[in-house]
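The opening residue of the sequence shown carries number 195 in this note's numbering; numbering runs sequentially from there.
Input: a single structure, listed below in structure tokens.
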Amino acid sequence: MNRIRRERIKEYIDNKNVATIKELQQLLPDISLMTLHRDLDALEKQGVLAKYRGGVKSVHQLGDVEFNVRLRDNNAGKLCMAQKALSLLQPHNSVFLDAGTSNLFIAKNLPDINLNIVTTSPGIALELCRLNKPMVTMCCGALNRNNQSVCGQNTLEMLKNINIDIAFIGVSGCSADVGFTCGTEADMLVKKLVIEKARTSVLMCGNEKLKRLMPYTFATMKDVDYVITDKPLSEDYQKAAMENGTILL
Numbered sequence: 195m196n197r198i199r200r201e202r203i204k205e206y207i208d209n210k211n212v213a214t215i216k217e218l219q220q221l222l223p224d225i226s227l228m229t230l231h232r233d234l235d236a237l238e239k240q241g242v243l244a245k246y247r248g249g250v251k252s253v254h255q256l257g258d259v260e261f262n263v264r265l266r267d268n269n270a271g272k273l274c275m276a277q278k279a280l281s282l283l284q285p286h287n288s289v290f291l292d293a294g295t296s297n298l299f300i301a302k303n304l305p306d307i308n309l310n311i312v313t314t315s316p317g318i319a320l321e322l323c324r325l326n327k328p329m330v331t332m333c334c335g336a337l338n339r340n341n342q343s344v345c346g347q348n349t350l351e352m353l354k355n356i357n358i359d360i361a362f363i364g365v366s367g368c369s370a371d372v373g374f375t376c377g378t379e380a381d382m383l384v385k386k387l388v389i390e391k392a393r394t395s396v397l398m399c400g401n402e403k404l405k406r407l408m409p410y411t412f413a414t415m416k417d418v419d420y421v422i423t424d425k426p427l428s429e430d431y432q433k434a435a436m437e438n439g440t441i442l443l
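Right, dumping it as structure tokens:
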């Protein structure tokens with residue numbers, strides 16, 4: 195019986211890549227939560243999946259998709275989101291641009307206006323060099339080659355001393371019940387700090403991110419002011435946004 199149940203869990207995770215504990219309880223309503231966790235522990239020891247707080251994921255989906263792959267994906271959607279983001283900017287704003295391809299599209303389409311821009315992305319900083327008016331500050335820190343961002347203690351110390359009017363935060367994955375997620379603890383700490391410091395926080399969440407769930411939750415709907423998407427979100431996201439006063443664009 196254990197073997198049959200665990201095969202069902204394995205098949206579900208292989209098909210979906212990620213799943214919350216709540217989903218798995220719905221998949222197997224006849225077993226206790228303790229039994230479910232025992233099954234997950236056994237499958238993790240076999241190298242079938244990896245557990246994280248609130249869920250599990252396939253061993254084939256352990257990290258962020260490589261930056262160069264994401265750069266080729268859903269460019270029309272990213273352009274749509276960038277145009278929505280640009281409508282929120284005012285001259286002389288102090289702006290934070292998180293690393294990620296959605297925010298790179300903001301940089302590529304940004305008009306030449308007076309802004310004070312801080313970024314954790316070397317690529318975004320270089321892209322902004324085409325403009326004359328914005329002041330651009332590149333955060334220091336350790337470079338994550340996979341997502342082409344800097345992070346770590348030096349990054350956090352620098353951001354503590356910077357005031358932010360509006361922050362655009364990248365999302366690696368999300369779920370209506372778990373929240374907005376990313377792939378590493380270091381990135382999670384940067385995103386959390388920026389959201390705390392920003393007067394207005396904006397999450398950039400393409401539709402493809404709704405199919406993924408990463409290990410670290412850095413925010414839920416109540417923590418942010420705007421969520422920008424390329425397609426309308428499902429009813430559960432819309433309900434959560436309405437309950438927490440978050441604006442969906």
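Where is the CB? At the ideal position from N, CA and C, for every residue including glycine.
As the structure is a prediction and not an experimental result, all values here were calculated from the model.
DSSP, reduced to helix, strand and coil, places Ala293 outside both helices and strands of the structure shown, so it counts as coil. DSSP places Met382 inside the alpha helix (DSSP H), whose first and last residues are Glu379 to Lys391. In this structure the segment 375-390 lies against the segment 336-350, because at least three pairs of beta carbons, one per stretch, are closer than 8 Å. The segment 359-370 and the segment 316-335 do not touch, with fewer than three beta-carbon pairs separated by less than 8 Å. Taking 8 Å as the upper bound for CB-CB distance, Phe290 and Val372 are not in contact here, some 24 Å apart. In this structure, the alpha-carbon of Pro316 lies about 10 Å from that of Leu322.
Judged by pairs of C-beta atoms under 8 Å, the segment 405-418 touches the segment 202-215, as three or more such pairs exist.
Annotated as distal: Cys345 and Thr375, with beta-carbon spacing of 8 Å or more. Residues of the same chain with a CB within less than 6 Å of the CB of Tyr431, apart from the 5 flanking positions on each side, are Ala370 in chain order. For the options His286, Leu304 and Lys245, the alpha carbon positioned closest to that of His231 is the one of Lys245.
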